[in-house]
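Numbering-wise (our numbering), the sequence shown opens with residue 235 and increments by one.
In this text, a Cβ means the ideal position worked out from N, Cα and C, and glycines have one as well.
Have a look at the structure below, then the notes.
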Amino acid sequence: MASGMNECIFCKIIRGDIPAAFALQNPEFVAFPDINPKAPVHLLVMPRAHIRSLNDVAAQDDGFGQRLLAFVASVAAAAGVDKDGYRVIVNNGPDGGQEVDHLHIHVLAGRMLGDLI
Ligand code: 5GP
Ligand code: ZN
235 MASGMNECIF
245 CKIIRGDIPA
255 AFALQNPEFV
265 AFPDINPKAP
275 VHLLVMPRAH
285 IRSLNDVAAQ
295 DDGFGQRLLA
305 FVASVAAAAG
315 VDKDGYRVIV
325 NNGPDGGQEV
335 DHLHIHVLAG
345 RMLGDLI
């Protein structure tokens, strides 16, 4: 099962099987740099639990989404980009361009990102 948590690259990072420099972490969420950054600051924020996409958020504990978004804001503050601003992107499924099936929020910052949306 190639999409399971045993093979998941992000689960391996979260477990410590693959080293990563965590920008911020707590018992529920982690943030670490994207290996192929698209901006001067490009962090990936995700739950430790192997949740595939936003489609699965409704099945989580009460407050999960609020805690996740609050953690994203904490990551931006810890990276020092909360005042100048940042962009968050969540790719979901094939048409969304999701390559790793472990829910993650891209946090992009460090330059004016332009009018993609
Ligand atoms: P997606 O397209 O699924 O939203 O984004 C996956 C992201 O994970 C990509 O931006 C890619 O650069 C990043 N990525 C893939 N493999 C690794 C890895 O082993 N380590 C880190 N830090 N990032 C990765
Ligand atoms: Zn995973």
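Work out the CA separation of residue j and residue i for me, nearest whole Å.
{"i": "M235", "j": "C242", "result": "Any reading at M235 needs caution, since the residue's pLDDT is 44, under 50, leaving its predicted position unreliable; the model's value is listed next. In a straight line, the C-alpha of M235 is about 10 Å away from that of C242."}
{"i": "I252", "j": "H284", "result": "16 Å"}
{"i": "L350", "j": "V322", "result": "12 Å"}
{"i": "R249", "j": "R282", "result": "9 Å"}
{"i": "M239", "j": "E333", "result": "15 Å"}
{"i": "H340", "j": "N325", "result": "9 Å"}
{"i": "D335", "j": "Q294", "result": "16 Å"}
{"i": "D329", "j": "A254", "result": "28 Å"}
{"i": "G331", "j": "N289", "result": "15 Å"}
{"i": "G348", "j": "Y320", "result": "11 Å"}
{"i": "A312", "j": "A304", "result": "12 Å"}
{"i": "A273", "j": "D296", "result": "33 Å"}
Below 8 Å on the Cβ atoms is my contact criterion, and I expect residue i with residue j to pass it. Report the Cβ-Cβ distance as a whole number of Å.
{"i": "I247", "j": "F266", "result": "6 Å"}
{"i": "G327", "j": "S287", "result": "6 Å"}
{"i": "F298", "j": "V291", "result": "6 Å"}
According to DSSP, simplified to helix, strand and coil, what is residue i?
{"i": "V334", "result": "coil"}
{"i": "L278", "result": "strand"}
{"i": "F256", "result": "coil"}
{"i": "V306", "result": "helix"}
For residue i, which of the options has the nearest alpha-carbon?
{"i": "V306", "options": "M239, L258, G238, G250", "result": "L258"}
{"i": "G314", "options": "H276, L337, G238", "result": "H276"}
{"i": "C245", "options": "Q300, D329, H338", "result": "H338"}
{"i": "L302", "options": "P261, E333, P271", "result": "P261"}
{"i": "M280", "options": "G319, D268, A273", "result": "D268"}
{"i": "L342", "options": "N325, A254, Q300, P271", "result": "P271"}
{"i": "K317", "options": "M346, A255, L278", "result": "M346"}
If you measure from each CB to the nearest heavy atom of the ligand ZN and keep those under 5 Å, what residues do you get, in chain order?
Any heavy atom of the ligand ZN within less than 5 Å of a residue's beta carbon puts that residue on the list, which reads M239, C242, F244, C245, H284, H336.
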